[in-house]
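Trainee: Mind looking over this structure? Questions follow.
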Amino acid sequence: MSPPTLFVLLLAAVLPLGVAYADESGDEASSQNVRGIVELFTSQGCSECVKADAVLAELAARPDVVALAYHVDYWDYIGWEDPLGSRRNAERQKSYSKALRLGGLTTPQAIVNGKAVVAGFDAAAIEAATAKAPLAGADGSPRIEMRLRGETLHLRVEAGALPEGARPPALILATYAKTTRTEVARGENEGRQLLNTHAVRDWRAVGLLGADGRLAVDMPLGLIADPDTQPGGCVALLQAMDRDDRPGPILAAAALPF
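FYI, in mature numbering (1 follows the signal peptide of the UniProt record, and there is no 0) the residues of the sequence shown are -22 to -1, 1 to 236.
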């Protein structure tokens, strides 16, 4: 399935905010009590990333943490082309590098809550970064609600009115595979079977908050989920953006398996 374009997703977002959810059974999730989001930049071509991937798997099992693995493509040339890697994932890491003035790209690198940078294999440092500055959304404001009703995904954001002249945060939607096993035939991990958790399939900005601090996005599940692929889910995160559209602190995050 081709990734949905931002134009298509924005068309899906042009809906009245007063529309109520249909009274149907379905899955739901919210940003309430989610203290941290860990974005791991990793590669199957990197031997040091194996330990970081294991740390991320443990984080993915926690209800108070959202965990995503962005496999990058810039190590493909050293012998193993990561089938989970993409240039877009590397571009997100590059945007963080510029915004946080990191000076370069490396793996395994974990970005915690959009602002703290730690080694991806350092579980203690990740926990400390989460505890030091938990997401504001953990206490209920701003708030993201995700609901799956039939074949439609509903996203709602409530953040309160924005200060006059403030740059509105962006709502970003990422889809991921629950787990993926790969037999690595070449490169630094040659001969190993790697288990990767929450590998990002695609990520897109789907809208900006309005002046009233609200946003509604409804979209067909078929735009983001391919029934022929392994189980996975999606993550919605509300992220501040700087004047150059580079990522800033993450304000709230929620994850919904499907």
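Don't be surprised by glycine CBs; every beta carbon is placed ideally from N, CA and C.
Bear in mind that the values here come from a model prediction, so they are computed numbers and not experimental data.
1) How far does the beta strand (DSSP E) with Tyr154 in it extend, from its first residue to its last?
2) I want to know whether the stretch 6 to 20 touches the stretch 87 to 105 - three or more CB-CB distances under 8 Å.
3) Using the beta-carbon count (16 or more within 10 Å), is Leu173 buried or exposed?
4) How far does the beta strand (DSSP E) with Cys212 in it reach, from first residue to last?
5) Can you tell me the Cα-Cα spacing of Arg164 and Arg192, whole angstroms?
6) Just to confirm the assignment, what range does the beta strand (DSSP E) spanning Arg170 have?
7) Please go through the same chain and pick out, in chain order, the residues whose beta-carbon is closer than 6 Å to the beta-carbon of Leu199, but skip the five residues on each side of it.
8) If you draw a straight line from the alpha carbon of Asp51 to that of Gln71, how long is it in whole angstroms?
9) Taking the alpha helix (DSSP H) that Gln71 belongs to, which residues open and close that run?
10) Can you give, in chain order, each stretch of the beta strand (DSSP E) that sits fully within the stretch 14 to 58 and has at least 3 residues?
11) Am I right that Thr153 and Asp180 are in contact with their C-beta atoms under 8 Å? What's the rounded C-beta distance?
12) Measuring only the C-alpha atoms, how far is Leu140 from Glu36?
13) Our contact map puts Asp60 next to Val12 with C-beta atoms below 8 Å; I'd like the distance itself, whole angstroms only.
14) Out of Glu123, Gly138, Leu215, Tyr74, point me to the one whose CA is closest to Gly188's CA.
15) For Gly226, does the three-state DSSP call read helix, strand or coil?
16) State buried or exposed for Ile56, treating a residue as buried only when at least 16 other CB atoms are found within 10 Å of its CB.
17) Starting from the C-beta of Thr85, find all residues in its chain whose C-beta is less than 6 Å away, skip the five residues before and the five after it, and write them out in chain order.
18) Under DSSP, the beta strand (DSSP E) around Ala107 begins and ends at which residues?
19) Going by DSSP, which residues form a beta bridge with Thr130?
20) Thinking C-alpha only, which one of Glu123, Ala144, Pro146, Gly143 is nearest Val135?
21) Give the C-beta separation of Gly118 and Pro227 to the nearest angstrom, bearing in mind that I take them to be a contact with Cβ-Cβ under 8 Å.
22) Among Lys29, Arg125, Ala32, Ile104, whose alpha-carbon lies nearest the alpha-carbon of Pro235?
23) What distance in whole Å lies between the Cβ atoms of Ala214 and Leu113, which are believed to be in contact at a cut-off of 8 Å?
24) Can you say whether Ala39 is buried or exposed, counting buried as having 16 or more other CB atoms within 10 angstroms of its CB?
25) Quick one: Cα of Arg221 to Cα of His49, how far?
26) In the DSSP output, which residue or residues are listed as bridge partners for Leu192?
27) Could you check whether Arg182 and Lys76 sit closer than 8 Å to each other, using their CB atoms as the reference points?
Mentor: Quick answer:
1) Element bounds for Tyr154: 148 to 161.
2) Two segments are said to touch when three or more pairs of C-beta atoms, one from each, lie closer than 8 Å; by this definition the stretch 6 to 20 touches the stretch 87 to 105.
3) Exposed.
4) That run of the beta strand (DSSP E) goes 210 to 219.
5) Their Cα atoms are separated by approximately 48 Å.
6) Careful: Arg170 lies outside any beta strand (DSSP E) and carries neither H nor E.
7) Excluding residues within five positions, the ones whose Cβ falls inside 6 Å are Glu129, Leu131.
8) Whole-angstrom Cα-Cα distance: 11 Å.
9) Gln71 -> alpha helix (DSSP H) spans 65 to 77.
10) Taking only runs of at least 3 residues, the beta strand (DSSP E) segments lying wholly in the stretch 14 to 58 are 14 to 20, 43 to 49.
11) Confirmed, about 5 Å.
12) Taken atom to atom, the span from the alpha-carbon of Leu140 to that of Glu36 is near 36 Å.
13) The Cβ separation is near 28 Å, so there is no contact.
14) With distances taken between Cα atoms, Gly188 lies closest to Gly138.
15) Here DSSP, grouped into helix, strand and coil, assigns Gly226 to strand.
16) Exposed is the call here.
17) Excluding positions up to five away in sequence, the list reads Phe19, Thr20, Ser21, Cys24, Cys27.
18) Counting along the chain, Ala107 sits inside no beta strand (DSSP E); it lies in the alpha helix (DSSP H) bounded by residues 101 to 110.
19) Looking at the DSSP assignment, Thr130 forms a beta bridge with Arg127, Pro198.
20) Nearest C-alpha to Val135: Glu123.
21) In this structure Gly118 does not touch Pro227 by the C-beta definition: roughly 17 Å separates them, more than the 8 Å allowed.
22) For Pro235, the nearest C-alpha among the options comes from Arg125.
23) About 13 Å separates the beta carbon of Leu113 from that of Ala214, a gap too long to meet the 8 Å contact definition.
24) Burial call: exposed.
25) Going by the C-alpha atoms only, they are around 27 Å apart.
26) With the sequence shown as reference, residue 192 is identified as Arg, and Leu is not the correct amino acid for it. For Arg192, which the question treats as bridged, DSSP gives the partners Glu136.
27) The answer is no: Cβ separation not under 8 Å.
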